[in-house]
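Read the structure below first, then the notes.
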Amino acid sequence: MPTETDPRFLRSREAILHAARELLLEKGPAAVTHVQVAERAAVGRATVYRHWPRAEVLLGEAMATVPMPFLAEPTVPTRDWLRRELTAIARQLDLDDVRAVSTTLAGTALWDENMDARRAQFAGILRGRLAAALDDAQARGEITLAIPSENAAAMAIGPMYYRSTIERTPIDAVLIEATIAALGTWSA
Numbered sequence: 001m002p003t004e005t006d007p008r009f010l011r012s013r014e015a016i017l018h019a020a021r022e023l024l025l026e027k028g029p030a031a032v033t034h035v036q037v038a039e040r041a042a043v044g045r046a047t048v049y050r051h052w053p054r055a056e057v058l059l060g061e062a063m064a065t066v067p068m069p070f071l072a073e074p075t076v077p078t079r080d081w082l083r084r085e086l087t088a089i090a091r092q093l094d095l096d097d098v099r100a101v102s103t104t105l106a107g108t109a110l111w112d113e114n115m116d117a118r119r120a121q122f123a124g125i126l127r128g129r130l131a132a133a134l135d136d137a138q139a140r141g142e143i144t145l146a147i148p149s150e151n152a153a154a155m156a157i158g159p160m161y162y163r164s165t166i167e168r169t170p171i172d173a174v175l176i177e178a179t180i181a182a183l184g185t186w187s188a
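Final position of the sequence shown in UniProt numbering is 188; the numbers increase by one with none missing.
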């Protein structure tokens with residue numbers, strides 16, 4: 001049985017992760033299954049299970065290596081951009097696979113240092129991007145923030161994560177608009 005230092009083990013692991021990333025980018029989270037990844041990586045399904053016994057953990061690792069598009073390129077007016085971005089995040093959180101990955105990442109991060117590092121990286125990216133966009137919007141006079149900008153990601157994404165994972169109901173435009181309004185006073 002190959003060990004984690006065996007070149008064959010490392011090659012198959014990288015081929016599987018590469019296949020999972022490709023499927024994620026091409027077809028979305030639902031495509032990252034043991035069967036489809038094994039087929040794409042040209043390895044046996046048992047090999048995929050050996051490396052990642054649970055598909056959501058494989059999906060989480062694949063997601064951690066793919067550039068995150070959310071809140072990446074703010075446009076003006078900021079309120080419209082933020083509505084589009086939060087709607088895109090909401091649509092992703094409506095997907096069972098993404099919901100599974102996000103809850104798995106949060107839960108596993110309590111005990112696994114590598115997953116906690118991924119969680120912290122993910123959170124830091126979202127926090128930094130949204131804070132910068134809101135600081136710029138405030139400097140332009142588009143908004144007077146009600147909270148410090150570094151808390152905006154928690155205020156904006158938190159309710160959607162709650163709705164998705166705790167309530168397990170779709171995130172609607174009413175929640176998104178209320179979230180945006182709660183960030184501060186927007187100019188007309």
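Cβ atoms here follow ideal geometry from the backbone N, Cα and C, with glycine treated the same way.
Fair warning: this is a prediction, and the values are worked out from it, not measured in the lab.
(request) Enumerate in chain order the residues of its own chain whose CB-to-CB distance from Asp116 is below 6 Å, with the five nearest sequence positions on each side excluded. (result) If we look at Asp116 and ignore the five residues flanking it on each side, its Cβ neighbours are Ala109.
(message) So the candidates are Arg91, Asn114 and Asp135; which of them puts its Cα closest to the Cα of Asp172?
(response) When the alpha-carbon of Asp172 is set against those of Arg91, Asn114 and Asp135, the nearest one is in Arg91.
(message) Along the chain, where does the beta strand (DSSP E) containing Thr144 start, and where does it finish?
(response) Segment Ile143 to Leu145, the beta strand (DSSP E) holding Thr144.
(request) Find the nearest neighbour of Met160 within the set Ala62, Leu58 and Asp94, judged by alpha-carbon distance. (result) Scanning Ala62, Leu58 and Asp94 for the CA closest to the CA of Met160 turns up Asp94.
(request) Just grab the DSSP bridge partners of Trp186 for me. (result) Beta-bridge pairing links Trp186 to Ile143.
(request) Assign Ala42 to one of three DSSP states: helix, strand, or coil. (result) Looking at Ala42 - three-state DSSP - the assignment turns out to be coil, as it is neither helix nor strand.
(request) Could you name the residues of the same chain whose beta carbon sits closer than 7 Å to that of Arg81, not counting the 5 residues immediately before and after it, in chain order? (result) This sequence places Trp at residue 81; Arg is not what is there. Here the set comprises Pro74 and Thr75.
(request) Confirm, please, whether the CB-CB distance from Ala62 to Leu86 is below 8 Å. (result) No; because the gap between Cβ atoms is not below 8 Å, this pair is not in contact.
(request) Specify the secondary structure class of Arg13 as computed by DSSP and reduced to three states. (result) Judged by DSSP in its simplified three-state form, Arg13 adopts helix.
(message) Is the beta carbon of Ala131 closer than 8 Å to that of Glu113?
(response) No, Cβ-Cβ distance for Glu113 and Ala131 is not below 8 Å.
(request) Report back the beta-carbon spacing between Gly60 and Thr104 to the nearest angstrom; my notes put them in contact at under 8 Å. (result) Sure, about 6 Å apart at Cβ, within 8 Å.
(request) Starting from the N-terminal side, write out each stretch of the beta strand (DSSP E) that is 3 residues or longer and does not extend beyond the stretch 119 to 163. (result) Correct list: 143 to 145.
(message) For the pair the stretch 141 to 149 and the stretch 41 to 55, tell me if three or more CB-CB distances fall below 8 Å.
(response) Not touching, per the Cβ criterion.
(request) Could you tell me if Ile147 is buried or exposed, where buried requires 16 or more neighbouring beta carbons within 10 angstroms of its beta carbon? (result) Ile147 counts as exposed, since fewer than 16 other C-beta atoms from the protein chains shown sit within 10 angstroms of its C-beta.
(message) Comparing C-alpha positions only, which one of Gly158, Ile125 and Ala137 sits nearest to Pro67?
(response) The option with the nearest alpha carbon to Pro67 is Ile125.
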